[in-house]
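>
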Amino acid sequence: MKDSFGVEIEEGDYVLSAASSSSFVKLGTVYFAPSGRAMMEVTRSNWGGAQRRSEVGSNALVLRKADGTVPAHVAGGQ
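Residue numbers for the sequence shown follow my numbering, beginning at 11 and rising by one.
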């Protein structure tokens with residue numbers, strides 16, 4: 011799975027995921043379910059009732075890779 015900028019999403023990456031049908035936004039760390047589905051441990055969201063585990067949506071942005079590096083499209087905005 012790739013984020014909206016074409017960066018491969020890997021286990022341990024810190025991502026921003028947003029729903030295209032609503033204003034629901036979540037931040038969290040990626041892991042993969044036994045089925046191979048990209049999931050995330052949600053650390054923050056703009057909805058108080060958000061689940062702590064959620065699927066990574068199709069509108070996703072890798073903010074920090076698991077190795078601590080920051081993708082160029084995130085770091086380049088400085």
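The C-beta atom is built at its ideal place from N, Cα and C for all residues, glycine as well.
#1: How about residue 51 and residue 67: do their beta carbons lie closer than 7 angstroms?
#2: Which term fits residue 25, buried or exposed, when burial requires 16 or more other beta carbons within 10 angstroms of its beta carbon?
#3: Can you give me the C-alpha to C-alpha distance between residue 34 and residue 80, rounded to a whole angstrom?
#4: Measure the CB-CB distance between residue 13 and residue 71 and report whether it falls below 7 angstroms.
#5: As an exercise, report each continuous beta strand (DSSP E) stretch of at least 3 residues that is fully enclosed by the stretch 34 to 63, in chain order.
Based on what the coordinates show:
#1: no
#2: buried
#3: 24 angstroms
#4: yes
#5: 35 to 42, 48 to 55
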